[in-house]
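Position 148, counted from 1, in the sequence shown is what the numbering used here calls 1060; the numbers after and before it change by one each time, with no gaps.
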Amino acid sequence: MKYLKKDSAWEKELLARFIDYAKTFSTSSSAAADRGTQPSTECQRDFADKIAAELQALGFEGVQVTKHGYVYAYIPANPKGGAGRSKSFCLLSHLDTVEECSGKNVKPQVKKRGDDTIITSDGKTLLGGDDKAGLAAIVTALHYLLCNKKIPHSKIELCFSPDEETGHGMDNVPLDLIESKAAYTVDGSGLGELEAECFNAYKSEVIFTGKAAHTGDARRAGMVNAISAASLFVQSLPRSQAPETTDGYEGFFAPLEIGGTMESARVVLLLRDFEAAGMAARKKLVGQLAKAAAASFGASVKVKHTQQYLNMRDGIKKAPLVLDRIVAACKDCGVEPVFKPIRGGTDGSRLTEMGIPCPNIWTGAHDYHSEREWVSLNEMLAAADVLVNLAALS
């Protein structure tokens, strides 16, 4: 059923909360996160403290910010109004915004479009819908449940993570606090989108070693240019398997960084594939192309593959009830589920690896990671509403 209705006080609360979150600077730093600093930026900790204070004021229990900047809280089970529920679950979203586009001094713009309300930035920054729309939807839905005691529900936990955009969002997730055996990230896009599968993801580091010499005497001195070998390697990657030439279930090779000197040059690339066999083939091809490029210039090469996350599909298949619940919750509030693969990963991908199956739910945010980002209030409200329905069914 519809709990959170259009043109209600709850819709106004949701909009105000999202705008407040969007204005709050919380960009993460990949460089700091890769060095093991979490949260990678102080502004994320400030945002975590701000949300924790809000949750405390709204009546959430167990509110805390961990030393690594995770916000944890819960609302207790409510057996009133019907039989008690026993299936607790956890809702997740992330505090940070991506660093490739400025998230500072965000000025949300609210515009009516037909029967919807659209929120954008002023075109000079991110809006921050990824994932402040998810944060706002979760807090609003759980506040609604706290205020409406006639809806029976299980214990519902929330965990808001730092550094999701850096790939380190689950590095120090407080599993000692989370009791639930099922979870849902609220970090998707358009209305009705449910995601239960994602890429397998590896980062590959390819280091070419050459021999420096004076360029005027290079032939006699036997100069080996590592930069030339690295450049040939990047050019040899399949053009038809780049991010910009693939979609749907197609995987890719994505050069991310290249740099160095004549003596040593480094290439970092992302490997993505939905199938384990496909990923194995990608890693093998990277090794072959790297060796061929090195041999062409007389260089040597080392390749290191680092796993980032795995396809959550198999983990979720082992717990079908987790997906069945959210499908039922969507249908109960009049939203038809739309299943699509995530061409990326979420905190839920890694949480599923850790043994807590965690599909992903839409937020109403669109055109992520750009100044063109926008959020549909109707779709964000529907996300909050489906969370209330999920609670009522659990």
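No residue lacks a Cβ here, since even glycine has one placed at the ideal position from N, Cα and C.
Note that the structure is predicted; figures quoted are calculated from it, not measured.
Segment limits, alpha helix (DSSP H) that includes residue 1119: Translated into the one-based positions of the sequence shown, residue 1119 becomes position 207. Bounds of any alpha helix (DSSP H) do not take in residue 1119; it lies within the beta strand (DSSP E) bounded by 1112–1121.
Closest by C-alpha distance to residue 872, when choosing among 1137, 1155, 1161 and 1152: Residue 872 cannot be examined here, being either before or after the span of the chain that is shown, 913 to 1306.
Other residues of its chain near residue 934: CB distance less than 7 angstroms, five sequence neighbours each side excluded: Residue numbering aside, residue 934 sits at position 22 when the sequence shown is read from its first letter. The answer, listed in chain order, is 1018, 1020, 1039, 1040 and 1044.
Buried or exposed by the 16-neighbour rule on C-beta atoms within 10 Å, applied to residue 994: To locate residue 994, count along the sequence shown from 1; it is residue 82. Reliability fails at residue 994, whose pLDDT of 45 lies under 50, so the model's placement of it is uncertain and no value is given.
Between the CA atoms of residue 1302 and residue 1081 - distance to the nearest angstrom: As a position in the sequence shown, residue 1081 is number 169, starting the count at 1. As a position in the sequence shown, residue 1302 is number 390, starting the count at 1. Cα to Cα, the separation comes out at about 24 angstroms.
Residue 1012 versus residue 1219 - alpha carbon distance: Residue 1012 sits at position 100 when you count from the first residue of the sequence shown. Residue 1219 sits at position 307 when you count from the first residue of the sequence shown. Answer to the nearest angstrom: the Cα atoms are 23 angstroms apart.
Euclidean distance between Cα positions of residue 1204 and residue 1149: The residue labelled residue 1204 in the question sits at position 292 within the sequence shown. The residue labelled residue 1149 in the question sits at position 237 within the sequence shown. Their Cα atoms are separated by approximately 12 angstroms.
Uninterrupted alpha helix (DSSP H) stretches inside the region 1200–1276 (no shorter than 4 residues): With a minimum length of 4 residues, the continuous alpha helix (DSSP H) runs that stay inside the region 1200–1276 are 1225–1229, 1232–1244 and 1259–1265.
Alpha carbon of residue 986 to alpha carbon of residue 1152, nearest angstrom: What you label residue 986 is simply residue 74 of the sequence shown in a count that begins at 1. What you label residue 1152 is simply residue 240 of the sequence shown in a count that begins at 1. Their Cα atoms are separated by approximately 47 angstroms.
contact_flag[the region 1245–1264, the region 1119–1134] where n(CB pairs < 8 angstroms) is 3 or more: They do not touch, by the three-pair rule.
Paired residues, beta bridge with residue 1024 - DSSP: Translated into the one-based positions of the sequence shown, residue 1024 becomes position 112. For residue 1024, which the question treats as bridged, DSSP gives the partners 1029.
Bridge partners - residue 939, DSSP secondary structure assignment: Here residue 939 corresponds to residue number 27 of the sequence shown, with the count starting at 1. DSSP, once it has assigned bridges, lists 1009 as partnering residue 939.
Selection from 1049, 1280, 1144 and 1026 that minimises the alpha carbon distance to residue 1210: Along the sequence shown, one-based indexing puts residue 1210 at 298. Residue 1144 is the option with its Cα nearest to residue 1210.
Residue burial classification, residue 1120 (beta-carbon count within 10 angstroms, cutoff 16): Walking along the sequence shown from the start, residue 1120 turns up at place 208. In the assembly as shown, residue 1120 is a buried residue. Its beta-carbon has 16 or more other beta-carbons within 10 Å.
The region 919–929 in contact with the region 1043–1060 per 3-pair CB rule at 8 angstroms: Yes, since at least three Cβ pairs between the region 919–929 and the region 1043–1060 fall closer than 8 angstroms, the two stretches touch.
The beta strand (DSSP E) enclosing residue 1164, as first and last residue numbers: Residue 1164 sits at position 252 when you count from the first residue of the sequence shown. 1164–1172 is the span of the beta strand (DSSP E), which, as asked, contains residue 1164.
Contact check, residue 971 vs residue 1058, beta carbons under 7 angstroms: As a working note, residue 971 is residue 59 in the sequence shown. As a working note, residue 1058 is residue 146 in the sequence shown. Taking C-beta atoms as the reference points, residue 971 and residue 1058 count as a pair closer than 7 angstroms.
Strand pairing of residue 1178, partner residues [DSSP]: By one-based count along the sequence shown, residue 1178 stands at place 266. According to DSSP, residue 1178 shares a beta bridge with 1119 and 1171.
Three or more C-beta pairs below 8 angstroms linking the region 1274–1292 and the region 1020–1029: The region 1274–1292 is in contact with the region 1020–1029.
Under 7 angstroms between C-beta atoms of residue 960 and residue 952: Counted from its first residue, the sequence shown places residue 960 at position 48. Counted from its first residue, the sequence shown places residue 952 at position 40. Result no, Cβ atoms of residue 960 and residue 952 do not sit closer than 7 angstroms.
Within 7 angstroms, strictly: CB atoms of residue 1260 and residue 1097: The sequence position of residue 1260 within the sequence shown is 348, counting from 1. The sequence position of residue 1097 within the sequence shown is 185, counting from 1. Yes. Within cutoff.
Residue 1106, DSSP secondary structure in three states: As a position in the sequence shown, residue 1106 is number 194, starting the count at 1. Here residue 1106 sits in strand by DSSP.
First and last residue of the uninterrupted beta strand (DSSP E) at residue 977: For this step, residue 977 is matched to residue 65 along the sequence shown. Boundaries of the beta strand (DSSP E) around residue 977: 973–977.
Start-to-end residues for the beta strand (DSSP E) that takes in residue 1097: Counted from its first residue, the sequence shown places residue 1097 at position 185. Element bounds for residue 1097: 1095–1098.
Straight-line gap, residue 1156 to residue 1162 (C-alpha atoms, nearest Å): Translated into positions along the sequence shown, residue 1156 becomes position 244. Translated into positions along the sequence shown, residue 1162 becomes position 250. Cα to Cα, the separation comes out at about 11 angstroms.
Three or more C-beta pairs below 8 angstroms linking the region 1172–1187 and the region 1088–1108: The region 1172–1187 vs the region 1088–1108: no contact.
Cβ-based neighbour list, residue 1185, same chain, cut-off 7 angstroms, excluding 5 preceding and 5 following: Stepping through the sequence shown from its first residue, residue 1185 is reached at position 273. The answer, listed in chain order, is 1111, 1112, 1163, 1191 and 1194.
Inter-residue spacing [alpha-carbon to alpha-carbon] between residue 1009 and residue 913: In the sequence shown, the residue the question calls residue 1009 occupies position 97. In the sequence shown, the residue the question calls residue 913 occupies position 1. If you draw a straight line from the Cα of residue 1009 to the Cα of residue 913, it comes to about 33 angstroms.
Residue burial classification, residue 1276 (beta-carbon count within 10 angstroms, cutoff 16): Here residue 1276 refers to the residue found at position 364 of the sequence shown. Burial call: buried.
Check whether residue 990 and residue 1065 have beta carbons under 7 angstroms apart: Within the sequence shown, numbered from 1, the residue matching residue 990 stands at position 78. Within the sequence shown, numbered from 1, the residue matching residue 1065 stands at position 153. Yes.
Span of the alpha helix (DSSP H) around residue 1058: By one-based count along the sequence shown, residue 1058 stands at place 146. Residues 1041–1059.
Own chain partners of residue 1133 with C-beta closer than 6 angstroms, once the 5 adjacent residues on each side are dropped: Residue mapping note: residue 1133 aligns to position 221 of the sequence shown, counting from 1. If we look at residue 1133 and ignore the five residues flanking it on each side, its Cβ neighbours are 1125.
Alpha-carbon to alpha-carbon, residue 1304 and residue 996: Residue numbering aside, residue 996 sits at position 84 when the sequence shown is read from its first letter. Residue numbering aside, residue 1304 sits at position 392 when the sequence shown is read from its first letter. In this prediction, residue 996 scores a pLDDT of 44, lower than 50, which makes its location untrustworthy; no coordinate-derived value is stated.
Best match in 1069, 1223, 1280 and 982 for proximity to residue 1306 [C-alpha to C-alpha]: On the sequence shown, residue 1306 is found 394 positions in, with the first residue counted as 1. Taking only the C-alpha atoms, the option nearest residue 1306 is 1069.
C-beta contact flag for residue 1181 and residue 1202 at 7 angstroms: Residue numbering aside, residue 1181 sits at position 269 when the sequence shown is read from its first letter. Residue numbering aside, residue 1202 sits at position 290 when the sequence shown is read from its first letter. Against a cut-off of 7 angstroms, the Cβ pair of residue 1202 and residue 1181 comes out as no contact.
Beta-carbon proximity check, residue 1297 vs residue 1004, cutoff 7 angstroms: For the purposes of this step, residue 1297 is identified with residue 385 of the sequence shown, where counting begins at 1. For the purposes of this step, residue 1004 is identified with residue 92 of the sequence shown, where counting begins at 1. Cβ distance not < 7 angstroms, so residue 1297 and residue 1004 don't count as in contact.
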